[in-house]
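Enquirer: Pasting a structure below so you can have a look.
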Amino acid sequence: MDLLFEAAVRGEDPVSLLADRVGSPDVPPVNDYTVTLVEGVTTHRARIDELLTEHAEGWTLNRMPAVDLAVLRLGLYELLWAQDVPDAVAIDEAVQLAKSLSTDDSPRFVNGVLGRIGGIADRLRATL
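FYI, the numbering for the sequence shown is 1 to 128, going by full-length UniProt numbering.
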């Protein structure tokens, strides 16, 4: 989540930012799952953003706080593309991130958006 947020704020490519960190002695080691998530979100970002735009009622991506957008992108990637993460876990983890990193209203917002998409996740996965 931190890499996705940082890349968005800096206007950089998340995979490039990740590549600068992997193996660098100046930062803590990057685990394999972080690499999978950053690469996955980046690969599927157009579809992720399309779905977020469609299901974030009354919100554009530009209006969303950067933290919330990073959490939603990560959660949606896990929801639709991470086959080893149950849907409820992907949503709950995203809500917990929003609770600890964003505003008081963010957990409800994240839960609502991902919950709407989670309700049609099987149908969406069939078209991926």
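For every residue, glycine included, the Cβ atom is placed at its ideal position computed from N, Cα and C.
Kindly give me the distance between the Cβ atoms of P65 and S100, rounded to whole angstroms, as I take these residues to be in contact under 8 Å.
Expert: Actually they are not in contact, since the Cβ atoms of P65 and S100 sit about 14 Å apart, beyond 8 Å.
Enquirer: Taking C-beta to C-beta, are P86 and V95 nearer than 9 Å?
Expert: Not closer than 9 Å, so no.
Enquirer: Do the CB positions of L18 and L74 come within less than 9 Å of each other?
Expert: Cβ distance not < 9 Å, so L18 and L74 don't count as in contact.
Enquirer: Please list the terminal residues of the continuous alpha helix (DSSP H) segment that includes T127.
Expert: That residue, T127, is in no alpha helix (DSSP H); it is neither H nor E in DSSP.
Enquirer: Please identify the residue among P29, E6, V41 whose C-alpha is closest to the C-alpha of A82.
Expert: Selected option, being the one with the closest Cα: V41.
Enquirer: Run through DSSP, which three-state label would D13 get?
Expert: Here D13 sits in coil by DSSP.
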